[in-house]
Amino acid sequence: MASMIRVGEPTGTQGAANAVAAAKEAARIAAETAGKIGGIGTVGGGPLGGVAGGLTGLLIFAVVLYCMIRVVRGSLAGTIDRRTHWFAGPIAALLSGCLMIGRNLYLTDMGGWTSAGTWMGMILAIPGLWAIVAVAIDWLTGAASRIASAEAGTAATAANQVTTKQAITNQTAAARTTTARRLAAYRTIGTGKLLIALWIVILAVWLIGFLGAFPGIYGYDAIYQVRMYYLGGGNVNNHHPIVHTYLLGWCVATIGERLLGSAAAGLAVYCVLQMLAMSLIYAYISARLNRLSGPVASLISAAFFAFVPYHMILAFSATKDSLFAAFFALGVFQTYAIARRIQADRHARIPVATWVGYGCVLFAGCLLRNNALYAIVVLLVFAAILLRSQWKGFLATLLAIVVAWGLFTGPVYRVLSVQKEGAAAMLSVPAQQLARAALLNADEIGAEDMRQIKEYMPTVETYQARISDHVVFPFNNAKYAEDKGAFYRLWARVGKAAPGTYLDAFLLLNAGNWYPDMGYPVPDGYHPYLEYGFPGNEDAYNAHKDDADGDSWIFVPMQPKSQWVSEQLSGFARGDWQTVPGAVLLCNPGAYIWLILIAAAVMVRRRRYVMLLPLALMTLYWGTLLLAPTILFRYSYALAAALPVLVGLMCGDSGRSGTETGGKRADDRFGGSPRSERL
1 MASMIRVGEP TGTQGAANAV AAAKEAARIA AETAGKIGGI GTVGGGPLGG
51 VAGGLTGLLI FAVVLYCMIR VVRGSLAGTI DRRTHWFAGP IAALLSGCLM
101 IGRNLYLTDM GGWTSAGTWM GMILAIPGLW AIVAVAIDWL TGAASRIASA
151 EAGTAATAAN QVTTKQAITN QTAAARTTTA RRLAAYRTIG TGKLLIALWI
201 VILAVWLIGF LGAFPGIYGY DAIYQVRMYY LGGGNVNNHH PIVHTYLLGW
251 CVATIGERLL GSAAAGLAVY CVLQMLAMSL IYAYISARLN RLSGPVASLI
301 SAAFFAFVPY HMILAFSATK DSLFAAFFAL GVFQTYAIAR RIQADRHARI
351 PVATWVGYGC VLFAGCLLRN NALYAIVVLL VFAAILLRSQ WKGFLATLLA
401 IVVAWGLFTG PVYRVLSVQK EGAAAMLSVP AQQLARAALL NADEIGAEDM
451 RQIKEYMPTV ETYQARISDH VVFPFNNAKY AEDKGAFYRL WARVGKAAPG
501 TYLDAFLLLN AGNWYPDMGY PVPDGYHPYL EYGFPGNEDA YNAHKDDADG
551 DSWIFVPMQP KSQWVSEQLS GFARGDWQTV PGAVLLCNPG AYIWLILIAA
601 AVMVRRRRYV MLLPLALMTL YWGTLLLAPT ILFRYSYALA AALPVLVGLM
651 CGDSGRSGTE TGGKRADDRF GGSPRSERL
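In UniProt numbering, the protein residues as written are 1 to 679.
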């Protein structure tokens with residue numbers, strides 16, 4: 001555990017009388033508190049107590065100071081209006097609180113709720129964070145208009161810019177004209193041709209990475225899923241999505257061991273199939289963004305999917321989260337496409353084929369991750385209620401998914417003899433809260449309640465703050481099933497006696513989902529940022545290979561074809577990205593919810609309320625992560641895969657009406673037509 005630090009205590013005084021001095025002090029506090037908002041840290045991450053004293057601290061300080069000065073000037077000039085501040089203020093206050101509480105939890109395993117330093121740090125950080133968020137909202141609000149102007153640029157407009165702004169040289173003007181022409185040419189490429197081209201590019205880049213991890217990353221739960229498939233019968237349970245269990249097992253055990261004589265060959269088949277599917281989906285999203293949001297969004301999306309390393313690493317990893325993330329991103333994108341049509345015309349006639357495709361994609365997400373169902377159902381219910389002009393489409397999609405899920409988990413499960421796991425898998429949060437209270441608040445709880453806690457969780461003494469496996473795996477499911485109400489009454493009584501402990505236990509389990517300064521590997525989490533080597537699976541194989549059913553334990557070691565590529569990817573998986581400025585925004589799951597909130601503020605600022613639908617789906621899924629058993633990037637990867645939709649929102653929906661775009665509908669600004677808007 002890191003050394004103890006007095007959290008939130010300023011290192012200087014704010015006593016200057018003028019506004020500039022006050023702005024500088026608030027900026028310094030915000031910079032020190034924000035930590036890796038600038039994306040700079042040491043390997044292993046975590047809050048950086050001395051960051052404000054170094055070069056990186058000066059850079060962060062400069063950014064905060066610039067934003068504060070710009071906000072003051074913009075507010076006085078009226079270019080940054082009150083609506084921007086209405087959104088920036090609450091987001092900044094919430095972010096400040098999360099940074100301080102998250103820092104306390106990271107360093108001490110305690111929230112520090114009663115510490116004066118915590119609250120002082122929150123207050124002092126708010127002005128600087130407010131300025132950053134306000135500038136971001138203001139700049140992003142006008143991003144679509146600026147991009148549209150750049151894409152429509154000509155030599156004449158460039159020349160006019162030189163006349164009015166002498167600082168712009170003729171060479172710069174010519175470069176802008178050339179860029180505009182290239183973007184215009186890119187925009188005219190047909191969606192089908194662009195899809196194929198981007199698919200080839202993304203897949204080619206990933207195949208280079210595959211050389212460093214051949215025949216694939218047999219990590220996470222792969223060895224246990226393949227064993228379930230190998231044993232068959234009633235040995236398959238729904239702890240892991242059975243679609244993925246059967247697909248992985250079929251490739252490794254059936255195709256690999258039985259047909260090709262090598263489990264490694266089977267794993268390679270699985271990874272290639274997964275790479276083909278994921279790269280196709282990501283290429284489709286990028287190509288369609290060219291029509292919906294313009295070439296800038298499309299190019300950013302394609303580069304993001306091709307070159308950010310976690311995409312390729314997870315594309316050849318044998319984890320269920322990879323395929324799920326691709327289908328989730330596609331579902332978010334389709335939600336965005338439907339929302340655009342509704343925003344343009346509330347009574348637009350959306351083809352039945354669009355709703356069918358939408359429902360199939362969302363249902364595929366449910367098949368690959370069980371908890372996705374909750375987010376999808378809530379989204380469709382609220383969409384049907386709030387968007388009454390389209391309620392039939394949303395309701396029909398909802399009913400189809402619910403019925404299909406019922407058939408799948410009912411008759412299909414019975415035919416395949418799938419066993420349903422115990423309730424403990426859904427009780428990570430209450431189990432962690434009870435265990436922490438039993439260890440820290442035994443005197444307040446009472447002997448009888450302590451006895452009951454140990455009956456439910458006989459290994460309560462092995463509690464670890466950031467992973468629930470130690471108390472959930474040995475959980476007494478039989479006792480819970482006898483009287484579920486008794487368990488929740490016990491949980492409520494103990495919570496009343498130790499509310500602070502309950503709150504800390506909950507936040508410690510999910511801090512990585514909202515604290516952007518979380519360091520990786522997570523302390524006591526027993527997992528790296530991404531699994532690249534897999535000693536746990538190898539240990540399990542060695543421990544059981546000589547058992548009576550030893551044949552069911554199949555292990556596939558990595559045999560990299562390029563050691564250099566393997567070393568680069570391994571470094572990224574360890575968390576080396578934490579030393580790269582700005583990487584936190586793309587790589588740290590704790591940053592994603594803040595990007596979503598800022599995007600939502602921009603949409604409301606533009607008065608494009610229907611465009612909140614895709615953001616709502618992302619937020620609802622993020623909410624399910626708060627109940628997860630630990631902090632893992634692969635759980636949040638679905639949100640990362642959907643980030644290009646946020647780029648599409650910023651680039652392609654300025655909030656202007658059709659009459660403001662030369663008589664064409666805003667949705668058709670980039671060559672779209674009613675037909676091209678179909679999914």
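Yeah, the Cβ is synthetic: ideal placement off N, Cα and C, and Gly gets one too.
Cα-Cα separation between residue 234 and residue 415, rounded to whole angstroms: Across the structure, residue 234 and residue 415 are spaced so that their CA atoms are roughly 10 Å apart.
CA nearest to the CA of residue 204, picked from 254, 306 and 464: Closest option to residue 204, judged by alpha-carbon separation, among 254, 306 and 464: 306.
C-beta atoms of residue 554 and residue 494 nearer than 7 Å: no
Reference residue 490; option with closest CA among 389, 508, 517 and 456: 456
Other residues of its chain near residue 384: CB distance less than 6 Å, five sequence neighbours each side excluded: Excluding positions up to five away in sequence, the list reads 391, 394 and 395.
Simplified DSSP assignment, three categories, for residue 588: Reduced to three states, the DSSP call for residue 588 is coil.
Burial state of residue 145 (16 or more Cβ within 10 Å): exposed
Spatial distance of residue 645 from residue 429 (CA atoms): In this structure, the alpha-carbon of residue 645 lies about 31 Å from that of residue 429.
Three-state secondary structure (DSSP) of residue 79: coil
The alpha helix (DSSP H) enclosing residue 327, as first and last residue numbers: 320–344
Cβ contact (3+ pairs, closer than 8 Å) linking the segment 568–576 and the segment 298–313: A contact exists between the segment 568–576 and the segment 298–313.
Cα-Cα separation between residue 541 and residue 619, rounded to whole angstroms: 38 Å
Three-way DSSP call (helix, strand, coil) for residue 563 in this model: helix
Secondary structure of residue 630, DSSP reduced to three states: strand
Short Cβ contact (7 Å threshold) for residue 330 with residue 377: Not in contact: residue 330 and residue 377 (Cβ atoms no closer than 7 Å).
C-beta contact flag for residue 245 and residue 225 at 7 Å: yes
For residue 537: DSSP bridge partner residues: Answer by DSSP bridge pairing: none, since residue 537 is not bridged.
Residue environment, residue 488, which counts as buried when at least 16 other CB atoms sit within 10 Å: exposed
Reference residue 222; option with closest CA among 524, 270 and 601: 270
Option nearest residue 130 by Cα separation, candidates 251, 370, 65 and 472: 65
Same chain, Cβ closer than 7 Å to residue 374, five either side skipped, listed in chain order: 624
For residue 217: DSSP bridge partner residues: DSSP, once it has assigned bridges, lists 317 as partnering residue 217.
Three-state class that DSSP yields for residue 513 in the structure shown: helix
Beta-carbon spacing of residue 516, residue 588 below 7 Å: yes
DSSP-derived helix/strand/coil call for residue 237: strand
Candidates 633, 217 and 238: closest to residue 272 by CA position: Closest option to residue 272, judged by alpha-carbon separation, among 633, 217 and 238: 217.
Own chain, CB closer than 7 Å to residue 241, minus 5 neighbours either side, in chain order: 320, 367, 368, 369 and 370
Nearest candidate by alpha-carbon position, reference residue 80, set 90, 67 and 91: 67
Beta-carbon proximity list for residue 521, same chain, < 6 Å, skipping 5 on both sides: 528.
Candidates 282, 332, 185 and 86, of which the one nearest residue 605 by Cα: 86
Backbone secondary structure at residue 45 - three-state DSSP: Any reading at residue 45 must be qualified, since the residue scores a pLDDT of 42, below 50, and its modelled position is unreliable; the value itself is stated next. Residue 45: coil per DSSP, three-state reduction.
Helix, strand or coil at residue 36 [DSSP, three-state]: In this prediction, residue 36 has a pLDDT of 34, which is less than 50 and means its spatial position is unreliable; nothing more can be read from the coordinates.
For residue 107 and residue 100, the rounded distance between their alpha carbons: 11 Å
Beta-carbon separation (whole angstroms), residue 511 vs residue 105, contact threshold 8 Å: 5 Å
Identity of the residue in 650, 405, 211 and 630 nearest residue 615 by Cα: Nearest option by C-alpha distance: 650.
Spatial distance of residue 90 from residue 612 (CA atoms): 18 Å
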